[in-house]
Structure formats: structure tokens, C-alpha cells
Amino acid sequence: MKRIFLISLTLLCTQAFATTDLVVVVNPGSGVEKMNRDDVTSIFMGRTKKLPSGVNALPIDQAAATGDKAKFYREIINKELAEVNSYWARLIFSGQGSPPRQADNSAEVMEIVSNNKGAIGYVPRSAADKRVRIILDLSAQ
Amino acid sequence: MLKRSPIACLTLFACLAFSSSLRAEGGDASPSLEKAWTFSGFGTLGAVHNQGSGSSFIRDITEPKGATNKGLSWQIDSRVGFQVNLKVSEQLEAVAQVVSRYQWDNNFQPELTWAFLKYTPNEMVDTHIGRIGFDAFIGADTRDVGFSYLWVRPPVDYFGTLAFPYMDGADISFHYPIGSGTARVKLYTGISRQKIPTLLNQTEWTEVSGLNAGVIEDMSGSRITGGFVDYQDNHWVARLGKADVRLSREFPMSLNIDVLGQIRDAANAAADPLVASSLNALASDFSLVGKNISFTSIGLAYENGPLQTQMALNHWTSQSLLFPESHSGFISAGYRFGKFTPYAVVSAVRSVKSNRADEVAARMNVPISDPIPSITNFMLTTGQNIQHTYSLGVRYDLMANVALKFQMDMIRTRNCSPLNLPVVGTDRSCAPPLLWPTVPVSWDGKANIYSAVLDFTF
Chain Y
68 MKRIFLISLT
78 LLCTQAFATT
88 DLVVVVNPGS
98 GVEKMNRDDV
108 TSIFMGRTKK
118 LPSGVNALPI
128 DQAAATGDKA
138 KFYREIINKE
148 LAEVNSYWAR
158 LIFSGQGSPP
168 RQADNSAEVM
178 EIVSNNKGAI
188 GYVPRSAADK
198 RVRIILDLSA
208 Q
Chain C
386 MLKRSPIACL
396 TLFACLAFSS
406 SLRAEGGDAS
416 PSLEKAWTFS
426 GFGTLGAVHN
436 QGSGSSFIRD
446 ITEPKGATNK
456 GLSWQIDSRV
466 GFQVNLKVSE
476 QLEAVAQVVS
486 RYQWDNNFQP
496 ELTWAFLKYT
506 PNEMVDTHIG
516 RIGFDAFIGA
526 DTRDVGFSYL
536 WVRPPVDYFG
546 TLAFPYMDGA
556 DISFHYPIGS
566 GTARVKLYTG
576 ISRQKIPTLL
586 NQTEWTEVSG
596 LNAGVIEDMS
606 GSRITGGFVD
616 YQDNHWVARL
626 GKADVRLSRE
636 FPMSLNIDVL
646 GQIRDAANAA
656 ADPLVASSLN
666 ALASDFSLVG
676 KNISFTSIGL
686 AYENGPLQTQ
696 MALNHWTSQS
706 LLFPESHSGF
716 ISAGYRFGKF
726 TPYAVVSAVR
736 SVKSNRADEV
746 AARMNVPISD
756 PIPSITNFML
766 TTGQNIQHTY
776 SLGVRYDLMA
786 NVALKFQMDM
796 IRTRNCSPLN
806 LPVVGTDRSC
816 APPLLWPTVP
826 VSWDGKANIY
836 SAVLDFTF
């Protein structure tokens, strides 16, 4: 019980003081230079299956524990993770679809995006190196 | 035992949901595209108290007994479901789902709700073949997944009479990108396997009336056909749908009340041929075999960050007098503050009343209290719903996969009160309202429902 409380407290604190430093990244060979929030949302919510260049999209989420996932959805659609999970519950349990593949951390996101032409993910700006292309900066208003 | 054990099971699964959420520190429980097998599930542990004078409240017409003013009812909203997905290839997926919920036969016998193959040849088309959900309204095929919506349960005035959770058949969907969203056309057809308890199965009520209990309306074998067009983007969902159910079986008559038989006997006994033909027409208008029930519905939902709104309207028609034409609708809005989302819902259903009993009485030249007009009136009211509900509630997102909800519903029913039952009295007899398995013989039509549920996915 104490553990739950500590975890909740930590989560609350990280939420309260977090500033978004996330960027959305794609493979340099994807043919995509830029995307807006709406397009990125459509891909992560499973409504659009292709990148604007026509390549099949492979969205990559991060594990909830990294905190980046909650930040990403709050920033991009102003939804909490419970709401995003509710949305996916509707699709999973009616056999309509499944949520994006999930990486353990930003290093794994970088690894997948740099090796897959259609992959799209989000990482802290500091983690985004030359292997990927930044197509949307979520810290910019 | 049957009633206790599902609750114990649900408590266990609620604990499982909590622990899986804690485990999510190192990895999330959500299924990934890359795994061949995915096991997932959902559940609700819910308690309902009905502050009403002897009425019993149900969530939908498949439930045989409802929540009363005596303590808490755990069976109304509690349920648990398991799903397994097997991804055979990028194009082919197999899905099976089993749900245990309170059912027509008064137990929680698990039921196979989905068992289908999903084939997606390209991003424009997908098809499901096997046991598939009846996607009649927005959210109709995830009614059991409480975690997926804001409310304690889908509005009863709107969803309560939708008796078909699934069918054995196939569907096909075509997706077209339009602007920043996607339009979809979906067509489906299948055979229902559903049974529902009829009012004659309501023991409390039939004890009062002296009618025989234990009658189940068997909808299995009915053909469901329908389709819809919808549009979805990051904020809007709009849908226009139509569905037809072609009934394959007759309304079940209990051992000591054969309504159609009584009307036909009266027709045979009538000296006036006009009376005889009018009574034969009446019997055939009541019959169900080969008759269609149709739903035409529109649904609209808008979400923007913490705001969630939804509305829907349905027009229901049928070729049988037993299922009167009706209109239903609801409007719902909720706004999230941190982890709390308070919400409000207004819903209503209105059946069209028939004056056929008066016509029969006039044709026969007998008072309305005569057995035949009286029983006609009784049958005309069996499918009637005239009520509205105001609901207020709050959803608290306890964890990313666990939500706690409280809801209060103020229900006002204006069906004719079954003051005089056909075997008890003979004046303006009518049946208990369709959505109320038990009501006192002289009911004021008022009930306040208090509910608390814990919804989870795992």
C-alpha cells in the first residue's frame, strides 16, 4: 500500500513539474519532412495506416513507466493515459484494432525507428540523434 | 453458490487488474502488434440499489431479475470477459471472447461472444467472419466493457431493449480517407442466438397474476441484416445506421395463457363474419414469425481534450403489434478535472400507443373490459416503454486501467400501470413496462437508482 502511495506521489510530482521536451521522429528514408499534431494523432490512434509519403506507418509507443507516454498523449491530444486506454479498450474488445507496438524506453524507440522505414515514435530531444529525422517538436507551441 | 461465485471471481480479477497496473512499471499490459498471441480481458464489479416502491431495475431486457429496494444487487452490472487474439499474419487475425454476465436463465454461465477471423487484405477493406458483435449503435458491441465508456452502464432507455449482443455471420467494412478523418461503410448479416426472458417469466409478477411462469422468448434463428456509414477524426464520430431483424419464432405462450389461441377461438366462435375477420387479423398482427423489426439510428460524439459529449437517436418499427413503434435517444456530456470526470446524461424512450383494443371492443360491440379487448390491451402494452431518465455521475481514474464510478439515475416511467391484470381484474389491463421485470400492481412509475462500479481491463 505504501508502495502504491509512493508511486502515485512520484507520478503526481512528475506530472506537475514536467515540461515537454519530446520530439516526434521518423526514419530518414521515410520520405516525410514534417507532420502536424493532427496527422501524428491519427497515426497513433490507429485511424491512419500510412505516413503522408505513402509508406505503411509503424507507430511506436513507449512503456507507461517512462513517463514520456503520458506526456506525449497529454501534449498531442490533451488526454490522460486512462482515456487513451479506454479508447483502445473499445477497439480491442470489438476486434477492430490494437494499440501501437510498445518499446521499453527511448533507446529502443530510436533503434526501431532507425531500422524501419515506416516507423514513427517520440523521444526526448536529447535522445534524438542523426539516425532519425525530427518531424514535429512538441515543446514548440 | 451460482450467485456468490461470480462476485468472488470478479473481486479476484479486480485484484489482478491492480497488480498488472503496478507491474506496468517495467512494461505495459497493452497488447503489442508484434506478438502472435495476446491475452486480455475486462470486467466490472458493480453494486446497485433501487430506491423505488417495489419495482425492480434491469440494465437490459436479457436480465431476468432486477435491483430492488432491498439491499444491493451485484448481478446487474458485474461481468467479466476474456479475449484471446492470434495474429496469423499481417492480413489475418483470429479473435475469441468469452463473457460471464447475468443472463436470461438467471445465472452467470460464460458465453462465447466473439469467435471470428478478421481478414484485412489492405487498409481500405476488412472483413470478420464467424461469431461477431452486433454493431447496431456507436458502442453497442462494447457494452460489456465498462472501462471503455464514461457511464456506469450505457443509457438504459436507449440500449436496454437492444437484446442481441452478437450473431453468427459476417461483416465487411470499407474505409476511405476524407480530409483529416476516415469515412467507413460497414455491412453485416448474421443469425442471432439470443434468448430473453418475457414478462411471463417474472415470478414475482406472475404470482400476483396467477399466470404461469417460466417463459423465454427465443430469438435464436432470427436473421440480422444491417449497415452504417460513419465518419471519424480526432474529435468527431458521426454515424447513420440501419438494421433489420427478421424473427424466426413465435411469441412463447405459457401453459395457461395462449393469447393468440384465445383470439383465434373467439374468431371461430364469432357469428358475424366481420368480427371473425377482424379477430383473425388481430391474431396475425400479433404473431412474430417472419416479421421484421427495424432500427434506424444516428449517433454523434465529440471529444476535445477533457470534454466528452455524445448523443444518439433511434427509431424502431416492427411489423408485429407486440413490438410497438418507438423513438429513443440520449445526450451525454462529461468534463475531466484531473482524474475525476463528472458527467450528466438525459435519456428517453417513447412507444407509440395503439388503440387496437378499443377498435376490437367496438367491432365486437362489447365493453373494453370484456376478456378479448382486455387481453388485447394487455398484449399491446407488453412491448411498451414510455420513460425518461436523468443521470448524474462521476468517473475516477484510479489507475491507467482501473476506474471507479458512481452514478445516480432518476427514472420516471409513464407506462400504463398494471393495476388490473387480465386474470385479476378486467378493466384496462396492461402489462408491466418492458424494462421493469417487476413492478407493484399500482406503481407510481418512479425509481431512483444508485450505482457504484469498479471497471478494469487486464
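The listed protein sequences derive, respectively, from chains Y and C. Residue numbering for the first sequence follows our numbering, beginning at 68 and increasing consecutively. Residue numbering for the second sequence follows our numbering, beginning at 386 and increasing consecutively. Positions of the beta carbon are idealized from the N, C-alpha and C atoms, including for glycine.
Helix, strand or coil at residue i [DSSP, three-state]
i: N689 of chain C; result: strand
i: S533 of chain C; result: helix
i: I514 of chain C; result: strand
i: P658 of chain C; result: helix
i: V593 of chain C; result: With a pLDDT of only 49 at V593 of chain C, under 50, the local geometry of the prediction cannot be trusted, and the value read off the model is given with reservation. Helix.
i: S605 of chain C; result: coil
i: F493 of chain C; result: coil
i: Y835 of chain C; result: strand
i: A651 of chain C; result: helix
i: D670 of chain C; result: helix
i: I110 of chain Y; result: helix
i: T527 of chain C; result: helix
i: D829 of chain C; result: coil
i: P95 of chain Y; result: helix
i: Y543 of chain C; result: helix
i: S458 of chain C; result: strand
For residue i, the residue or residues it bridges with in DSSP
i: M784 of chain C; result: C:V787
i: G426 of chain C; result: C:F467
i: Y616 of chain C; result: C:A568 and C:A623
i: F519 of chain C; result: The partner list for F519 of chain C (beta bridge, DSSP) is empty, contrary to what the question assumes.
i: T842 of chain C; result: C:F427
i: W499 of chain C; result: C:Q482
i: W701 of chain C; result: C:F680 and C:S711
i: D794 of chain C; result: C:S776 and C:I834
i: F442 of chain C; result: C:A452
i: M696 of chain C; result: C:L685 and C:I716
i: F559 of chain C; result: C:V510 and C:V570
i: M63 of chain Y; result: There is simply no residue 63 of chain Y to check, as chain Y begins at 68 and stops at 208 in what is shown.
i: G575 of chain C; result: C:G554 and C:I609
i: D629 of chain C; result: C:T610 and C:S679
Same chain only: Cβ atoms within 6 Å of residue i, ignoring 5 sequence neighbours per side
i: S558 of chain C; result: D511, R569 and K571
i: S739 of chain C; result: L765
i: V530 of chain C; result: F427
i: T694 of chain C; result: Y687 and A718
i: F160 of chain Y; result: none
i: V180 of chain Y; result: V92, N94, A186, G188 and V199
i: S679 of chain C; result: D629 and T702
i: R634 of chain C; result: D603
i: A673 of chain C; result: Position check: residue 673 of chain C holds Leu in this sequence, whereas Ala was assumed. Closer than 6 Å at the Cβ level, and outside the excluded window around L673 of chain C, lie L632, E635, F636 and S705.
i: V469 of chain C; result: F424 and A481
i: T108 of chain Y; result: I143 and I144
i: M793 of chain C; result: L777 and Y835
i: L158 of chain Y; result: G164
i: A837 of chain C; result: A432 and F791
i: H700 of chain C; result: T681 and H712
Close-in-space but distant-in-sequence residues of the same chain around residue i (CB under 7 Å, 5 per side omitted)
i: L789 of chain C; result: Y781, L783 and L839
i: F111 of chain Y; result: P126 and P167
i: T87 of chain Y; result: K138, E142, L205 and S206
i: G554 of chain C; result: I517, Y573, T574, G575 and I576
Residue burial classification, residue i (beta-carbon count within 10 angstroms, cutoff 16)
i: P817 of chain C; result: buried
i: M552 of chain C; result: buried
i: H513 of chain C; result: buried
i: E475 of chain C; result: exposed
i: I461 of chain C; result: buried
i: H712 of chain C; result: exposed
i: F841 of chain C; result: buried
i: M509 of chain C; result: exposed
i: D615 of chain C; result: buried
i: P658 of chain C; result: exposed
i: K455 of chain C; result: exposed
i: E100 of chain Y; result: exposed
i: Q494 of chain C; result: exposed
i: R741 of chain C; result: buried
i: S827 of chain C; result: exposed
Proximal residues to residue i (C-beta, below 8 Å), its chain only, five neighbours per side dropped
i: V751 of chain C; result: I757 and P758
i: M566 of chain C; result: This sequence places Gly at residue 566 of chain C; Met is not what is there. Hits under 8 Å: Y616, Q617, D618, N619 and W621.
Heavy atom of the ligand SAH within 7 Å of residue i beta-carbon
i: S633 of chain C; result: Among the components of this structure there are no ligands whatsoever, and the ligand SAH is therefore not found.
Quiz item: Which runs of the alpha helix (DSSP H) spanning at least 4 residues fall entirely within the region 121-204 of chain Y, listed in chain order?
Solution: 135-144, 148-159 and 173-182
Quiz item: Which parts of the region 714-785 of chain C are runs of the beta strand (DSSP E), unbroken and 3 residues or longer, counting only runs that do not cross its ends?
Solution: 725-736 and 771-784
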